[in-house]
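Colleague: In the UniProt record's numbering, the protein residues as written are 1 to 112.
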């Protein structure tokens with residue numbers, strides 16, 4: 001994401017992969033609500049762009065016909081997460097913001 005922000009090459013293979021994040025870079029530059037929330041929370045630009053990328057990809061998934069059908073027919077929920085390595089915290093990323101995911105009781109059953 002740092003290379004994408006700086007407009008520099010990260011190497012041919014990584015550049016090809018990062019090209020998929022260009023819509024996220026455009027949204028970031030247009031002051032996407034997730035960028036504003038991440039900025040207010042004190043995250044650096046690379047983390048902000050990474051979170052915007054999660055939000056943009058969520059919207060892409062939500063508009064895919066297969067996903068729309070699964071949401072409508074089976075109640076599928078699509079969630080976006082960002083792992084903050086520096087704090088070992090997980091953030092939920094939505095189309096318009098971020099929130100810290102609370103720790104869950106480790107003894108509680110997990111439903112998948």
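Ideal Cβ placement from N, Cα and C applies to all residues, glycine included.
Per DSSP, what are the beta-bridge partners of residue 81 in this structure?
Modeller: Within the chain shown, numbered from 1, the residue matching residue 81 stands at position 81. According to DSSP, residue 81 bridges with 92.
Colleague: First and last residue of the alpha helix (DSSP H) that includes residue 99?
Modeller: What you label residue 99 is simply residue 99 of the chain shown in a count that begins at 1. Taken as a continuous stretch (DSSP letters only), residue 99 belongs to no alpha helix (DSSP H), being part of the beta strand (DSSP E) at 98-100.
Colleague: In the structure shown, what three-state DSSP assignment does residue 69 receive?
Modeller: By 1-based counting over the chain shown, the position of residue 69 is 69. Of the three classes helix, strand and coil, the one that applies to residue 69 here is helix, per DSSP.
Colleague: Alpha carbon to alpha carbon, how far is residue 94 from residue 80?
Modeller: In the chain shown, the residue the question calls residue 94 occupies position 94. In the chain shown, the residue the question calls residue 80 occupies position 80. Looking at the two C-alpha atoms, the distance is approximately 7 Å.
Colleague: So which of 36, 76, 103, 28 has the shortest CA-CA distance to residue 88?
Modeller: Here residue 88 refers to the residue found at position 88 when the chain shown is read from its first residue. Residue 103 is the option with its Cα nearest to residue 88.
Colleague: Could you give the uninterrupted runs of the alpha helix (DSSP H) lying entirely in the stretch 10-39, keeping only those of 4 residues or more?
Modeller: Entirely contained in the stretch 10-39, the alpha helix (DSSP H) runs reaching 4 residues are, in chain order, 12-18, 22-29.
Colleague: Exposed or buried, residue 24, counting other C-beta atoms within 10 Å across all chains shown (16 or more means buried)?
Modeller: As a first step, residue 24 must be located in the chain shown, where it is residue number 24. Buried, by the Cβ-count rule.
Colleague: Out of curiosity, what's the CA-to-CA distance linking residue 86 and residue 52?
Modeller: Here residue 86 refers to the residue found at position 86 when the chain shown is read from its first residue. Here residue 52 refers to the residue found at position 52 when the chain shown is read from its first residue. Each residue's Cα considered, the two are about 18 Å apart.
Colleague: Between the C-alpha atoms of residue 39 and residue 90, what's the straight-line distance to the nearest angstrom?
Modeller: Start at 1 with the first residue of the chain shown, and residue 39 comes out as number 39. Start at 1 with the first residue of the chain shown, and residue 90 comes out as number 90. Their Cα atoms are separated by approximately 16 Å.
Colleague: Can you tell which of 71, 4, 27 has the C-alpha that lies nearest to the C-alpha of residue 57?
Modeller: Reading the chain shown from its first residue, position 57 is the one you call residue 57. Taking only the C-alpha atoms, the option nearest residue 57 is 27.
Colleague: Quick one: grab the DSSP three-state call for residue 61.
Modeller: Locating residue 61 in the chain shown gives position 61, counting from the first residue. In this structure, residue 61 counts as helix in the three-state DSSP scheme.
Colleague: Leaving out the 5 sequence neighbours to the left and right, which residues in its chain are closer than 7 Å to residue 45 when beta-carbon positions are compared?
Modeller: What you label residue 45 is simply residue 45 of the chain shown in a count that begins at 1. Cβ neighbours of residue 45 beyond the five flanking positions: 5.
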